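These protein sequence lines are chains Y, B, A, S, U and Z, in that order. Residues 281 to 392 in this note's numbering are what the first sequence lists, from first letter to last. Residues 281 to 392 in this note's numbering are what the second sequence lists, from first letter to last. Residues 281 to 392 in this note's numbering are what the third sequence lists, from first letter to last. Residues -16 to 424 in this note's numbering are what the fourth sequence lists, from first letter to last. Residues -16 to 424 in this note's numbering are what the fifth sequence lists, from first letter to last. Residues -16 to 424 in this note's numbering are what the sixth sequence lists, from first letter to last. Okay, structure first, notes after.
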Amino acid sequence: MKMVTAIIKPYKLDEVRTALAEIGVQGVTVTEVKGFGRQKGHTELYRGAEYVVDFLPKVRLEIAVVDERVDAVIDAITGAARTGKIGDGKIFVTSLGNVLRIRTGEMDAEAL
Amino acid sequence: MKMVTAIIKPYKLDEVRTALAEIGVQGVTVTEVKGFGRQKGHTELYRGAEYVVDFLPKVRLEIAVVDERVDAVIDAITGAARTGKIGDGKIFVTSLGNVLRIRTGEMDAEAL
Amino acid sequence: MKMVTAIIKPYKLDEVRTALAEIGVQGVTVTEVKGFGRQKGHTELYRGAEYVVDFLPKVRLEIAVVDERVDAVIDAITGAARTGKIGDGKIFVTSLGNVLRIRTGEMDAEAL
Amino acid sequence: MTSTAPRRLAPPLLLFLTGTAARAADAPAPDSGDTAWMIVATALVLLMTIPGLSLFYAGMVRMKNALSVLMQCFAITALVSVLWLAYGYSLAFDTTGMAAGEFGRASIIGGFSKAFMAGMRVDSLVGTIPESVFATFQLTFAIITPALIVGAFAERMKFTALLAFVASWFTLVYLPITHMVWSGAGALLWDLGVLDFAGGTVVHINAGSAGLVAAVVLGRRLGYPGTAMPPHSLALTVIGASLLWVGWFGFNAGSAVAANGTAGMAMLVTQMATAAAALAWMSTEWAVHGKPSVLGIVTGAVAGLVAITPASGTAGPAGALLIGVAAGVLCFFAAARLKRAFGYDDSLDVFGVHAVGGIVGALLTGVCAGTLGGVGLPEGVSIGRQVLVQAASVLFTLAWSGLLSFGILKLLDRTIGLRVTREQELEGLDLALHDERAYDH
Amino acid sequence: MTSTAPRRLAPPLLLFLTGTAARAADAPAPDSGDTAWMIVATALVLLMTIPGLSLFYAGMVRMKNALSVLMQCFAITALVSVLWLAYGYSLAFDTTGMAAGEFGRASIIGGFSKAFMAGMRVDSLVGTIPESVFATFQLTFAIITPALIVGAFAERMKFTALLAFVASWFTLVYLPITHMVWSGAGALLWDLGVLDFAGGTVVHINAGSAGLVAAVVLGRRLGYPGTAMPPHSLALTVIGASLLWVGWFGFNAGSAVAANGTAGMAMLVTQMATAAAALAWMSTEWAVHGKPSVLGIVTGAVAGLVAITPASGTAGPAGALLIGVAAGVLCFFAAARLKRAFGYDDSLDVFGVHAVGGIVGALLTGVCAGTLGGVGLPEGVSIGRQVLVQAASVLFTLAWSGLLSFGILKLLDRTIGLRVTREQELEGLDLALHDERAYDH
Amino acid sequence: MTSTAPRRLAPPLLLFLTGTAARAADAPAPDSGDTAWMIVATALVLLMTIPGLSLFYAGMVRMKNALSVLMQCFAITALVSVLWLAYGYSLAFDTTGMAAGEFGRASIIGGFSKAFMAGMRVDSLVGTIPESVFATFQLTFAIITPALIVGAFAERMKFTALLAFVASWFTLVYLPITHMVWSGAGALLWDLGVLDFAGGTVVHINAGSAGLVAAVVLGRRLGYPGTAMPPHSLALTVIGASLLWVGWFGFNAGSAVAANGTAGMAMLVTQMATAAAALAWMSTEWAVHGKPSVLGIVTGAVAGLVAITPASGTAGPAGALLIGVAAGVLCFFAAARLKRAFGYDDSLDVFGVHAVGGIVGALLTGVCAGTLGGVGLPEGVSIGRQVLVQAASVLFTLAWSGLLSFGILKLLDRTIGLRVTREQELEGLDLALHDERAYDH
Ligand SMILES: Nc1ncnc2c1ncn2[C@@H]1O[C@H](COP(=O)(O)OP(=O)(O)O)[C@@H](O)[C@H]1O
Ligand SMILES: Nc1ncnc2c1ncn2[C@@H]1O[C@H](COP(=O)(O)OP(=O)(O)O)[C@@H](O)[C@H]1O
Ligand SMILES: Nc1ncnc2c1ncn2[C@@H]1O[C@H](COP(=O)(O)OP(=O)(O)O)[C@@H](O)[C@H]1O
């Protein structure tokens, strides 16, 4: 099993969710994060105090999947999240030892 | 060492924390997340605009532990977080390369 | 590649960011988290209802790097985040299977 | 005795004089200054409930229930207004058949002769102000009183039950007590000689007693007292408390039903008692817990406002200081200790602040009218006697409100049910009952 | 016909009497009570816009646009004030050359004789109050009317375009309509006999019509209606709605331009219509959707406030109930169904609440003046005839405001552009246009 | 010279006339309209501090310090009220021993004859209003002045030090300056002929000078100016600024101590100067930084309110525009540039807005009284001479407040300590000093 972690633009969340649902992914955990990267932040200005905010609001998705589905998941995310503009985000894939469904005690692939 | 990541219902956090403390776990990092899964969300309604919110507030726990303690940790979480109702959440276990305590520079098992 | 995850004190974020930038790290994802650990929390008091809040606001950094740079990254974080007081936080290193830049489709080291 | 005492300054005095008995005397004339003040006083008392009290309460509950509290206060405002129009004003202030010292049905409750504001014309007067203004001013008191009770059962009551409870309580508790205290000679507590200038008995003790009963009948919130339930937004609570303070000038100085020296002095003593109570609560908390808190100081201010309410037409500045300090200290212990000792879950301390503060104020009203710069008691009435009258009225109100509240709540519990389900309570009332969330951040 | 009717109670009646025609009669004397009330009424109407309406609206938009709405309302307050001083007051209330029943330029718009408040001295009077107070009171109406329109194009309009639109609309739409309805005998709609005590036509239908046009011309927000756009802080919205309710006493009772029985009755009927509309919306929503919501009940209250506005000087309490219930139910369907059916994106329901509520109120004003406890219609005017007059005024205002708004917006679109870029809309107007964020949590 | 000038309109004129010298003349009679207005004006000025100023400030600090600011403002409200009762009112307004043109102790500070409101009865009058109303109205000015200073040392001062500082500053700075400017003939600055209708000198320059000194003595916040310290909730700040604007009608128009033409004109010019200053700040910021901001426009409005304050009883509408524009532009540069240039950390720009705005207003008061539609200067006083008098009063106040504030702060620093520890500052004052958090989201 793998854990696919994606950092995307917040307003793309709905589209990515839909794309994942279409390929049968049933579970996702989402976190609101701040991203520092190549994409430039914005300027804020308060009574003459101007400063550059170099983080940007991003959304982090965690999706646990069986190995065979990793590519499909990556394609779904990429397809929905890509705008071609800097800051579209990253996908990280790590290997996942075990998964357990708390409610039933089911393990691994069954637990997804 | 392993990193145990658990997604649970928010109101179970206190109980899980207590259960972990009882088995001697001293450190946990907690994130507020949104979960998409089998559990159904709720409906919101604003001036006739009705829409289904399919995410649910969840809490994500990260607990770094030595390998021997993984099972105890999983049992503690499961015992405290289970309600038997859909949406109780998942536990993910991944392997952890190194751990370092910033304050002292201690490494790995000592750092936990 | 490795994923370096660090839990630090929130007011140290700027310094750590700067230290990372100095060694050429270009991307970081930051999450606001709550930490339970050895560091004691605070007391809150509302109309005579006194209770101990044992979590503390912390900041979680995720930095994906190529293996060679892991030590430099750890040193940068440690150098900037250490105060010597309890609660300075931890660094976790896990191995990272793949990385993909959504915008371009670049993979792994190129994607960082 | 009381009908001749110039010191009897309850709001409806003028109503009484110009409305029934004294009609023969010189014809009342409208006064634009009094009218101006009373229109504004009405707006100020409405401001106390929406948004004042609503925010004070909403800030103190958990985020998942913030809207439910706002909803309850807003719905009460609307519901009580319509009931006031239909029959409330009439049952409270219709004085047909009343005569000083004579006991009868009309000593307890008015009739229906003013239902739907029958007979009220653009030029109808009560004293020197339009009757429309008098009726609306009194309505704002009828609104805030049940809204105060909301704090006692916050975070667990069904919205349907809330509506049913408020309609019943307004009818069976608020209207009779108002009538008995304020409608003039012939009314039960008026004839007894109670001093309640702006509603310590009618509003605060009345609501506080109902609150305690409701907290007990509904039971504790899930997790209370083990789980931490910190206020979700003390910023809202401070806005609410501040608006309560400002609006209370309408409440107390407005109870003079004129823009005169009595109104002015009511404002001054209100300011002083509130300030003193705020400092007293802050100091007590500082001494007891080691730190002063903003929730503490604002609650202290509210306790002071409550306590000076019955006395605001009769006490002097020094009396106000005494009342403020007493309320600040005693309400602190009532809120911080009493409810923990007895184990009931009066979520936002309706009993601890409004009943206890109201009782402190009611009793000290008797003391401070006759001394410490007060305006003096009616001829032949000693301080001791007045305090006894005050105490009797307190007990009567505690009992009337407590017993009837208990009956209403038990009846509702057996019919429509009072409390949300466990799942609804865990999810929060905002989503469970109203399909809304307070914030989308 | 109308110039002799004692029931014609629009605010400028006194202006007219004391300002031009009736100057020969007994010299007007200042009244401190009336003055006191009107100063406060002015403060209350200002409170309706800042912070009332600003918060009502800001709470309903998404967090990334919250400041842009506050900014728009605040800038409108400042901009309209200065324009009012420069020429607005004069164009609205200069009655030079007007005569009852005679049509001319002055029936549509005033002249410049009062520009920069020329001739206004500390002791100038309008009726019994200082002219400075009258001018500032009227200004607060001129402020809130364009501010209402903001809700229609929230979350997508350029700030430069907003300023240009408001300056033009104020000049070409607000000032003429105000003049035609309120400046006195000789003005077009005044001579027609329209009853608009506090601004159902001048303020609400006027703004609502412009709002609908603006929503259509600007087009929908990105993602509307598919994407969820929940209010980011209903707590702010409830504060705003509550302050609107309280402040509306200044709006409606202040329109009596005196602290008298008419003001008092205006306050009473305002309270009752608002309460009834809140309950009506709540019940309708409960029946239709299964749950009552706080956004619903507060919107219902605003609908009631809107609808009672034109009638507040002429309706009785029973009429107020009718108006409230009708507004609550009809505005619910307008907001919840109509805009979805037609597919325009009137973000915060300016048309559904203000135009629809205003129309309901305007028509029922004709009904309720003559019956249900109203003050009665002018001699010789039947209810049917008055309703026709009201309908004609409604249509006239809808058309005037709609057509001119369309012209102004199209012109601005071709010159400076109305709408922010796609990137700016996605990022949110707060950062894109103002370099600020509403919260740093 | 000044005692006969009909244009001398400072609030206590009536006090002076009816309270001491003129007692022989026709007996003063209470006026219900004036009383109505002054009760409300008092409520409005209280509203300016709680919740107005509290929110304006609390929104601008970081979340971890939001409650500490609310706490400070609320505690000041309570503390100053009690001190006012004990001796403040007396030291400020006791005129025993004063005589026009004679210098003595009583020219600087009053005596104790009115301590604890001695001699004040329900029917005591000041001019046409109850003395209780006059005393409470003046109290609200005494409350807001030290509360303004809070902005200068926000986010780093110990709460104990705050209480001690406020008590001392109120006694040694506020009371004497008030007495010298407002208590009537015989008082130092009154005899000099300063025009300060509503408190440009007494309130704003006074507070601004103390603020600058406090910012310097306490030193900068940790991390200033490198670290970003964005406002945690501009929504709260906009609510606060809006309530300041609305409440300021009580401040300025209330300073007429009557509901008359002077009050009305004060309201009108207040509205116009504020609007002009808001637009001026917005435009300047837009030109200089490329975007207009909501924090900018509301701060501009406050600058305008400050600057028109001393002139509000004497300037005309055109003068108000001049004052507003000048204040908007100059305060912008003071807040955005001056403090950065000199490197002090006046957290919320108390000096840049209140002292600079106050000075602009004080000087232009001299200009605008005599021209641009102003009411005119006393006979024989030229504009140049009046401006010199204004400048002298400004310098005197800057020096008095600055030097005494410095002394008080240094003394406190050496005894109880002014500043929280580094750890407390990092953790935030809310948890460190009050064991509370502003939000539990
Ligand atoms: N090395 C990294 N480690 C962790 N997160 C990263 C890393 N690089 C980028 N990110 C995340 O991805 C987001 C997008 O990266 P950015 O460099 O701005 O654009 P792009 O993905 O188009 O190259 C960042 O905001 C950050 O959250
Ligand atoms: N494949 C997955 N990857 C990541 N998180 C998941 C996955 N499946 C479920 N989750 C998380 O677990 C939570 C509970 O899952 P759900 O399917 O609702 O119920 P249950 O755990 O009882 O099967 C979800 O809300 C989501 O946060
Ligand atoms: N075993 C662990 N697993 C995950 N997070 C941990 C663990 N131990 C500590 N942490 C995180 O590190 C933070 C600091 O730990 P703490 O024990 O307070 O101090 P120190 O790092 O100085 O030993 C905690 O607040 C928590 O967020």
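Glycine included, every Cβ here is placed at the ideal spot set by N, Cα and C. All values reported here derive from a predicted model rather than from experimental measurement.
Distance, residue j Cα to residue i Cα
i, j, result
"P129 (chain S)", "A135 (chain S)", "11 Å"
"D402 (chain A)", "E324 (chain A)", "The structure shown does not extend to residue 402 (chain A), since chain A spans only 281 to 392, so no value can be given for it."
"M103 (chain S)", "V308 (chain U)", "22 Å"
"L(-8) (chain S)", "V364 (chain S)", "Confidence in L(-8) (chain S) is poor, its pLDDT being 36 and thus under 50, which makes the residue's placement unreliable; the coordinate value appears in the next sentence. Roughly 15 Å separates the two Cα atoms."
"V312 (chain S)", "A261 (chain S)", "9 Å"
"L66 (chain U)", "T123 (chain S)", "38 Å"
"A5 (chain S)", "I306 (chain U)", "Only weak support is given to the placement of A5 (chain S): the predicted model assigns it a pLDDT of 38, under 50, and the question is left unresolved by the model."
"V350 (chain S)", "G340 (chain S)", "15 Å"
"H417 (chain S)", "I280 (chain S)", "33 Å"
heavy atom of ligand 1 below 6 Å from residue i C-beta
i, result
"Q319 (chain Y)", "yes"
"T309 (chain A)", "yes"
"L414 (chain Z)", "no"
Chain S contact for residue i (CB, 7 Å cutoff)
i, result
"L355 (chain U)", "no"
"T134 (chain Z)", "First, the residue type needs correcting, since residue 134 (chain Z) is Gly and not Thr in the sequence shown. Cβ-Cβ to chain S under 7 Å: no for G134 (chain Z)."
"A286 (chain B)", "no"
"D423 (chain U)", "no"
heavy atom of ligand 2 below 6 Å from residue i C-beta
i, result
"T342 (chain Y)", "The sequence given here has Glu at residue 342 (chain Y), not Thr. True, at least one ligand heavy atom lies under 6 Å from that Cβ."
"D351 (chain Y)", "no"
Within 7 Å, strictly: CB atoms of residue i and residue j
i, j, result
"V346 (chain A)", "M281 (chain A)", "yes"
"S192 (chain Z)", "A338 (chain Z)", "yes"
"G167 (chain U)", "V28 (chain U)", "no"
Any chain U beta carbon closer than 7 Å to residue i
i, result
"A310 (chain Z)", "no"
"L217 (chain Z)", "yes"
"E295 (chain Y)", "no"
Any chain B beta carbon closer than 7 Å to residue i
i, result
"G369 (chain A)", "yes"
"P213 (chain U)", "yes"
is_contact[residue i, chain Y] using C-beta, thresh 7 Å
i, result
"L50 (chain U)", "no"
"V373 (chain B)", "yes"
"V379 (chain A)", "yes"
Closer than 7 Å to chain A by CB, residue i
i, result
"A319 (chain S)", "yes"
Residue i beta carbon near ligand 3 (any heavy atom closer than 6 Å)
i, result
"I59 (chain Z)", "no"
Interface residues of the stretch 309 to 332 of chain A facing chain B [CB-CB below 9 Å]: Those would be T311, E312, V313, K314, G315, F316, G317, R318, in chain order.
Which residues, in chain order, does the stretch 272 to 298 of chain Z contribute to contact with chain Y at a C-beta distance below 9 Å? Residues H272, G273, K274, S276, L278, G279, T282.
Between the stretch 409 to 422 of chain Z and chain A, which residues of the former have CB atoms less than 8 Å from a CB of the latter, in chain order? Under the 8 Å Cβ criterion, the stretch 409 to 422 of chain Z contributes L409, E410, L414, D418, E419, R420.
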